[in-house]
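Residue numbers (the working numbering): 743 to 1225.
These notes are about the structure you will find just below.
Below, the structure written as structure tokens:
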């Protein structure tokens, strides 16, 4: 490397050398050098790592995950539900038209199991509910006329009136009277509800593979069958009690407070097999938080309107508690494809090289004689310069097919060390052929052949070292041999 210019300061000269060294190292080419180390412990680690990587790819990646397949998730799906059954309460018989909401049937269906009924409501004035905040009063001064409470039932008239029952008083409101908790009737429909049947029709389609299938077998008679995962998986008629039981819930408690049950249908299909192997799998679980009082349960309100004497509009307000069924469809289909197979095979073969990387690190860091291993593993070879303008000769020189040109010095004019000095390291440093310092940005910076050559030839008189002994087979007792 050229010496620093006289006019440059020391720091600038160092930066200049560093930049030149990095630029020169950028154009270096590195090629692996194969060395056989006969060490059983290191060999055991190497083969064990390779075996573990191979097992991971063969068992998990290819067998479990089936990564040789092209896959599609989230099938296109349609769901139709239909509920059948009758039940009774304390006062009447209920059929499906009265306890199923919405009646058309879809992916969500609600089955009413308990009602709080407020009959014969008409527009007028009446006491506000005790459940409304700040509705209690002692005199008219406690009630502001025209005040509207969004959590209440109507607009306040400014009067304080006796409550429906007891000695309490609340502010009077203009609303549908009587209000909900004034004269509500409780009706329980859950006595026969466990025997209600729910038909769930589901059809799926995977557009990538042009594959479609449904959960009802063709020419299947659904009048006399119920679902069984083992004996009759293509009869999707479920009893409501069976669904609640599979979700791990108590039916009586759920019928009183209400809740949301999810029916999950999974279509995981391996399209490399026959179509009969693609079957739906059903699972059931509760979706609403059971132990959170603020959000557990399920209820809603609706009203039925009618007229008395064709003049007065009257309604029946119903607060319904029930079991809501949500049908959820998941799925994934896979089929053999060459592209993911090649990608995963290439990944597997590349990952096996992790074993060699780990063993190289152990070899050069922790093992005895790691400096010897490093000296054998890393070499630095300079391409000889040739003045011939013939490009075949130049190419042959680069590829090492012809020997490099002879040295500049004739044999009888080879420089000799100063007389009177021994073969010491200082003597080598004073030879006319200067030894270049190590390049700062060399890629193979662990050991370089130039430095190793100095160590091997200390004490020799000739400035040009003898051919490297690295090409011969090592006699290391550990069995190190270069291929």
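Note that beta-carbon positions come from the ideal geometry of N, C-alpha and C, so glycine has one too.
No experiment lies behind these values; they were computed from the predicted model shown.
Where residue i falls: helix, strand or coil (DSSP)
| i | result |
| --- | --- |
| residue 759 | helix |
| residue 904 | strand |
| residue 795 | helix |
| residue 841 | helix |
| residue 1117 | helix |
| residue 819 | strand |
| residue 862 | strand |
| residue 782 | helix |
| residue 765 | helix |
| residue 998 | helix |
| residue 979 | strand |
| residue 855 | strand |
| residue 1076 | strand |
| residue 849 | coil |
| residue 961 | coil |
| residue 951 | coil |
| residue 913 | strand |
| residue 1097 | helix |
| residue 984 | helix |
| residue 1017 | helix |
| residue 1026 | strand |
| residue 752 | helix |
| residue 1012 | strand |
| residue 1044 | strand |
CB of residue i within 7 Å of CB of residue j, strictly
| i | j | result |
| --- | --- | --- |
| residue 921 | residue 893 | no |
| residue 985 | residue 939 | no |
| residue 989 | residue 932 | no |
| residue 1070 | residue 1000 | no |
| residue 854 | residue 1088 | no |
| residue 937 | residue 915 | no |
| residue 847 | residue 829 | no |
| residue 905 | residue 869 | yes |
| residue 851 | residue 1067 | yes |
| residue 948 | residue 959 | no |
| residue 867 | residue 899 | yes |
| residue 1027 | residue 991 | no |
| residue 1065 | residue 944 | no |
| residue 1093 | residue 805 | no |
Close Cβ partners of residue i (< 6 Å) along its chain, the five nearest in sequence each way excluded
| i | result |
| --- | --- |
| residue 927 | 859 |
| residue 954 | 947 |
| residue 957 | 944, 978, 1022 |
Any non-hydrogen atom of the ligand SAM within 6 Å of residue i CB
| i | result |
| --- | --- |
| residue 1039 | Absent from the structure shown: the ligand SAM. Ligands present: none. |
Straight-line gap, residue i to residue j (C-alpha atoms, nearest Å)
| i | j | result |
| --- | --- | --- |
| residue 1194 | residue 1117 | Note that residue 1194 scores a pLDDT of 41, beneath 50, so its modelled location is shaky; the value from the coordinates is reported in the next line. For residue 1194 and residue 1117, the distance between alpha carbons rounds to 8 Å. |
| residue 930 | residue 825 | 19 Å |
| residue 918 | residue 1045 | 11 Å |
| residue 886 | residue 897 | 10 Å |
| residue 941 | residue 1091 | 51 Å |
| residue 1178 | residue 752 | Any reading at residue 1178 needs caution, since the residue's pLDDT is 44, under 50, leaving its predicted position unreliable; the model's value is listed next. Distance between the alpha carbons of residue 1178 and residue 752: 18 Å. |
| residue 1052 | residue 833 | 27 Å |
| residue 1060 | residue 1030 | 22 Å |
| residue 1058 | residue 1033 | 32 Å |
| residue 1108 | residue 778 | 18 Å |
| residue 815 | residue 1023 | 16 Å |
| residue 789 | residue 1106 | 18 Å |
| residue 872 | residue 983 | 37 Å |
| residue 802 | residue 755 | 57 Å |
| residue 881 | residue 1056 | 31 Å |
| residue 1189 | residue 1120 | At residue 1189 the pLDDT is 37, less than 50, meaning the model places this residue with poor confidence; the figure from the coordinates comes in the next sentence. Near 6 Å, if we compare the C-alpha coordinates of residue 1120 and residue 1189. |
| residue 970 | residue 782 | 58 Å |
| residue 951 | residue 807 | 19 Å |
| residue 758 | residue 774 | 31 Å |
| residue 768 | residue 760 | 12 Å |
| residue 968 | residue 1019 | 21 Å |
| residue 764 | residue 771 | 13 Å |
| residue 1047 | residue 972 | 48 Å |
| residue 856 | residue 1025 | 26 Å |
| residue 844 | residue 827 | 16 Å |
Own chain partners of residue i with C-beta closer than 8 Å, once the 5 adjacent residues on each side are dropped
| i | result |
| --- | --- |
| residue 987 | 993 |
| residue 876 | 891 |
| residue 962 | 976, 977 |
| residue 1104 | 784, 787 |
| residue 1115 | 777, 779, 1105, 1106, 1109, 1222 |
Test: residue i CB closer than 7 Å to a CB of chain C
| i | result |
| --- | --- |
| residue 857 | Looking at the structure shown, chain C is missing, and only one protein chain is on hand. |
Cut-off 7 Å between Cβ atoms - residues of its own chain near residue i, not counting five sequence neighbours on either side
| i | result |
| --- | --- |
| residue 879 | 885, 902, 911, 912, 913 |
- [ ] Evaluate the contact criterion for the region 800-818 versus the region 1073-1088: three or more CB pairs, one atom per stretch, below 8 Å.
- [x] yes
Open item on the list: Across the region 1024-1039 and the region 902-917, are there enough close Cβ pairs to call them in contact, namely three or more that are closer than 8 Å?
Closed with: no
Open item on the list: For the structure I just gave you, are there three or more beta carbon pairs, one from the region 1093-1101 and one from the region 826-843, closer than 8 Å?
Closed with: no
Open item on the list: Within 8 Å, do at least three Cβ pairs link the region 1004-1011 to the region 1062-1081?
Closed with: yes
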